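Structure first, then comments.
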Amino acid sequence: MKIGLDIASITLKKQVDQIILIAGDSDFVPAAKLARREGIDFLLDPMWNPIKPHLFEHIDGLHSTFKQNRNSLKK
Numbered sequence: 467m468k469i470g471l472d473i474a475s476i477t478l479k480k481q482v483d484q485i486i487l488i489a490g491d492s493d494f495v496p497a498a499k500l501a502r503r504e505g506i507d508f509l510l511d512p513m514w515n516p517i518k519p520h521l522f523e524h525i526d527g528l529h530s531t532f533k534q535n536r537n538s539l540k541k
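In this note's numbering, each residue's number is its place in the sequence shown (first place is 1) plus 466.
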């Protein structure tokens with residue numbers, strides 16, 4: 467919850483132009499919606515994990531930058 471509040475705070479204070487969230491939890495949908503409504507570019511790095519469609523519709527970009535875990539390739 468604290469990360470969502472931090473996203474809202476820096477968004478409303480116009481302290482950033484872009485937010486990159488390294489997570490994939492759909493609990494961040496309200497924060498992502500607020501940031502995008504305020505003109506912030508909201509990017510998501512789910513570390514190769516699938517994300518819910520509800521979260522995907524509220525982000526501007528999706529990119530995993532970390533190396534993919536070998537164990538996740540066996541799925």
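Ideal Cβ placement from N, Cα and C applies to all residues, glycine included. Fair warning: this is a prediction, and the values are worked out from it, not measured in the lab.
Item	Value
Under 9 Å between C-beta atoms of D511 and I488	yes
One or two residues paired with F508 in a DSSP bridge	I485
Per-residue burial, F532 [other beta carbons within 10 Å of its own, 16 or more giving buried]	exposed
Residue span of the alpha helix (DSSP H) that contains K499, given as start and end	V495 to R503
Reduced DSSP category for G527 - H, G, I as helix; E, B as strand; rest coil	strand
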